[in-house]
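With UniProt numbering as the guide, the letters of the sequence shown map in order to residues 1 to 315.
We put the beta carbon where it would ideally sit given N, CA and C, even for glycine.
Since the structure is predicted, the reported quantities are computational estimates derived from the model, not experimental observations.
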Amino acid sequence: MSGYGEVFRRGRGRHRRRRRAPLKTAAAVSALVTCSAFAVHAVDDDQEDCVPLPAGAKGGRGNLPAWCHDHRAGGAPAGKGGPGDTGDGVARDGDSGHRDRPAAPPAPEGVYDRERCGNTSGRVLLTLDDWPYNDPERSVRIGAQLKAQGIRAAFFLIGKFAAQYPQITRQLRQQGHWVGNHSYTHRHLPSLDDDELHDEIRNGVAGNLLRPPYGDAGERERELAAELGFRICNWTIDTHDWEKTQGHARSVDDIRASVRDATPEEKRNGVVLGHLFSNFPDALPDIVSDLQAQGYQVCRNNGPVTEKVPYPLDC
Ligand SMILES: [Zn+2]
């Protein structure tokens with residue numbers, strides 16, 4: 001994360017103890033407020049619609065439920081609305097979009113690059129986030145398909161669900177895929193107090209890579225994650241697979257195009273963000289063939305892995 005997000009966070013101070021920071025309005029930029037498709041998963045039938053909250057309700061920004069997404073037109077997310085709970089303690093939400101922002105300059109050689117997850121292989125790492133809500137085994141089927149193509153991906157599972165199906169994490173790692181921490185209940189980490197933040201990370205999937213929900217982690221979050229043994233792992237290409245337009249999930253073709261049309265800088269040593277509940281998994285064969293046609297390779301599957309992901313990535 002860089003640019004606007006960093007500026008925004010600095011302005012809020014590092015050591016708040018409020019349970020929920022007051023969610024700022026569009027603040028420094030005019031924001032185009034949209035609802036994430038993620039608010040209504042393609043495979044989840046217990047979602048609420050992305051409709052404004054009652055006046056004075058907490059947990060959202062701009063009077064929208066927190067799991068609605070805010071995006072600055074043509075750029076980075078505006079200020080990060082904090083995800084709220086949806087009744088079961090899990091923020092049903094996607095990750096904020098970044099595809100249109102200018103790619104952050106690569107970190108200097110030898111410095112861990114959070115947006116590339118330490119990928120210095122030249123190849124592209126495919127990542128799949130959250131959870132396939134009504135079909136948990138979808139994770140393993142996707143993993144098997146990728147393995148059959150000789151591809152290693154990374155899965156960032158919401159800890160609460162992963163804990164209910166521990167065999168899925170085991171099977172994915174056995175298939176040769178990395179499985180990382182995506183917090184316990186997918187809350188917006190910068191909005192949490194220190195104790196909550198600690199619990200969200202500690203109770204997530206064990207390992208050493210943390211993908212913060214919405215990709216949002218400031219200095220405080222990064223420091224605590226490091227104390228708990230995690231490096232931050234974000235992405236260079238957001239497929240926006242979580243978006244819905246007029247109730248329609250983003251199509252396979254549109255998701256495919258997000259990767260195909262990304263810049264060379266975003267692809268080389270790149271990381272692609274998709275989700276387990278969307279059409280992203282169905283777009284993977286086309287995404288891989290497009291990348292290969294453009295001269296890029298994806299991370300190779302070299303067999304079973306442990307919970308510790310090496311740096312630089314073994315792609
Ligand atoms: Zn997520």
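- Residue 177 is positioned such that its CB atom lies no closer than 9 angstroms to that of residue 130.
- At a threshold of 8 angstroms, residue 232 does not count as near ligand 1, since its beta carbon sits no closer than that to any of the ligand's heavy atoms.
- As the crow flies, the alpha-carbon of residue 300 is around 34 angstroms from that of residue 190.
- Relative to the non-hydrogen atoms of ligand 1, the Cβ of residue 254 never comes closer than 8 angstroms to any of them.
- Cβ-Cβ separation between residue 269 and residue 152: approximately 15 angstroms, too far for a contact (criterion under 8 angstroms).
- Per DSSP, the continuous beta strand (DSSP E) segment holding residue 179 begins and ends at 178-181.
- The three-state secondary structure of residue 205, taken from DSSP, is coil.
- Between residue 175 and residue 147 a beta carbon distance of about 5 angstroms is seen, short of the 8 angstroms cut, so the two are scored as contacting.
- Relative to ligand 1, residue 158 has its C-beta within less than 8 angstroms of a heavy atom.
- For residue 150, no alpha helix (DSSP H) segment is defined, and its DSSP state is neither H nor E.
- Its chain contains 128, 239, 241, 255 and 274 as the residues whose beta carbon lies nearer than 8 angstroms to that of residue 280, once the 5 sequence neighbours on both sides are disregarded; these appear in chain order.
- Inclusion of residue 213 in the 8 angstroms shell around ligand 1 follows from its C-beta lying nearer than that to a non-hydrogen atom of the ligand.
- For residue 231, the closest C-alpha among the options 193, 286, 214 and 181 is that of 181.
- Rounded to the nearest whole angstrom, the CA to CA distance from residue 251 to residue 284 is 12 angstroms.
- Between residue 140 and residue 172 the beta-carbon gap is near 7 angstroms, inside 8 angstroms, which marks them as a contact.
- A distance below 9 angstroms separates the beta carbons of residue 168 and residue 157.
- Judged by their CB atoms, residue 124 and residue 311 are not nearer to each other than the 9 angstroms cut-off.
- In chain order, 260 and 267 place their CB closer than 8 angstroms to the CB of residue 294, counting only its own chain and leaving out the 5 sequence neighbours on each side.
- Scanning 258, 218, 154 and 271 for the CA closest to the CA of residue 122 turns up 271.
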